[in-house]
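Visitor: Structure provided below as structure tokens; questions to follow.
Numbering (the UniProt record's numbering), first residue to last: 1 to 258.
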């Protein structure tokens with residue numbers, strides 16, 4: 001784990017959030033929204049350049065931020081990053097498990113090493129980040145965890161069996177943790193994004209063709225924005241959802257309705 005230090009004012013802060021994959025489009029939008037809502041941000045991710053861009057945007061908005069370059073394959077780095085955020089800003093009140101990898105390979109051709117890698121990042125990484133963050137949340141009898149799933153687990157997507165299975169696991173983990181941690185005042189929910197126009201769409205081929213495919217399947221005939229997903233995450237970690245736990249909200253323009 002590497003970090004670039006803290007940008008902000010005095011500690012501790014009343015609200016502190018850790019976001020994994022904070023350098024990507026959805027993670028950055030979430031960081032900016034939670035920052036606007038008064039959270040100090042621990043921005044975790046693998047690519048320092050993307051994280052630095054997230055940090056620069058947060059700093060421009062006056063949001064305290066700590067950038068932590070972390071590979072979710074490294075459990076010790078995950079723990080160190082959350083511990084560092086606690087030390088810099090105060091107790092973590094919200095965790096957003098957002099980072100994921102998504103290799104596109106036909107099921108019959110997926111090497112076991114590729115599958116193991118996806119599970120390590122998308123499933124074990126979520127599990128361990130939640131476990132580390134929840135320990136202090138349980139002590140304080142307060143906290144919120146949001147796991148970012150995907151609508152792909154509802155209907156299956158070709159060539160993404162490893163990714164889809166881990167996103168189903170994220171929903172299952174959400175329900176298990178909500179049940180177990182509820183008595184301690186810790187809420188756990190999930191959001192399942194639809195097809196947002198991010199770098200992940202590069203695996204789908206022609207961008208215009210895929211966008212038309214998305215809009216055809218959605219009830220709302222436009223593409224969603226990163227800020228719209230971030231708004232749902234903000235709701236789930238904020239006070240307006242204080243009696244909501246164990247739920248999965250599809251943020252997909254009405255593609256999946258169940």
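The C-beta atom is built at its ideal place from N, Cα and C for all residues, glycine as well.
Source: prediction; values computed, not measured.
Hey, could you find the ends of the beta strand (DSSP E) residue 144 is sitting in?
Guide: Taking the first residue of the chain shown as 1, we reach residue 144 at position 144. Here the beta strand (DSSP E) through residue 144 covers 143 to 148.
Visitor: To the nearest angstrom, how far is it from the Cα of residue 98 to the Cα of residue 180?
Guide: Numbered from its first residue, the chain shown carries residue 98 at position 98. Numbered from its first residue, the chain shown carries residue 180 at position 180. The alpha-carbon atoms of residue 98 and residue 180 are separated by roughly 21 Å.
Visitor: Terminal residues of the continuous alpha helix (DSSP H) containing residue 86?
Guide: In the chain shown, residue 86 corresponds to position 86, counting from 1. Segment 75 to 89, the alpha helix (DSSP H) holding residue 86.
Visitor: What whole-angstrom Cβ distance do residue 18 and residue 120 have, given they're in contact under 8 Å?
Guide: For the purposes of this step, residue 18 is identified with residue 18 of the chain shown, where counting begins at 1. For the purposes of this step, residue 120 is identified with residue 120 of the chain shown, where counting begins at 1. 19 Å between Cβ atoms; not a contact.
Visitor: Would you check if the stretch 97 to 111 and the stretch 159 to 178 touch, i.e. whether three or more CB-CB distances between them fall below 8 Å?
Guide: Yes, since at least three Cβ pairs between the stretch 159 to 178 and the stretch 97 to 111 fall closer than 8 Å, the two stretches touch.
Visitor: In its own chain, which residues sit with a C-beta less than 6 Å from the C-beta of residue 236, not counting the 5 before and 5 after it?
Guide: Counting from 1 along the chain shown, the entry for residue 236 is found at position 236. Within the same chain, residue 236 has close Cβ partners 146, 189.
Visitor: Looking at the unbroken alpha helix (DSSP H) that takes in residue 174, where does it start and where does it end?
Guide: Counted from its first residue, the chain shown places residue 174 at position 174. 161 to 181 is the extent of the alpha helix (DSSP H) around residue 174.
Visitor: Does the Cβ-Cβ distance between residue 13 and residue 64 come in under 9 Å?
Guide: As a position in the chain shown, residue 13 is number 13, starting the count at 1. As a position in the chain shown, residue 64 is number 64, starting the count at 1. Their beta carbons are under 9 Å apart, which means residue 13 touches residue 64 by this criterion.
Visitor: Short check: CB of residue 66 to CB of residue 38, under 9 Å?
Guide: Here the question's residue 66 lines up with position 66 in the chain shown. Here the question's residue 38 lines up with position 38 in the chain shown. Result no, Cβ atoms of residue 66 and residue 38 do not sit closer than 9 Å.
Visitor: Who are the near neighbours of residue 311 in its chain, counting only those whose CB is closer than 7 Å to its CB and skipping five residues on each side?
Guide: Residue 311 lies beyond the stretch modelled for the chain, which goes from 1 to 258, so this question has no answer here.
Visitor: Determine which residues share a DSSP beta bridge with residue 112 and list them.
Guide: Reading the chain shown from its first residue, position 112 is the one you call residue 112. In the DSSP output, where bridge partners are listed per residue, residue 112 has none listed.
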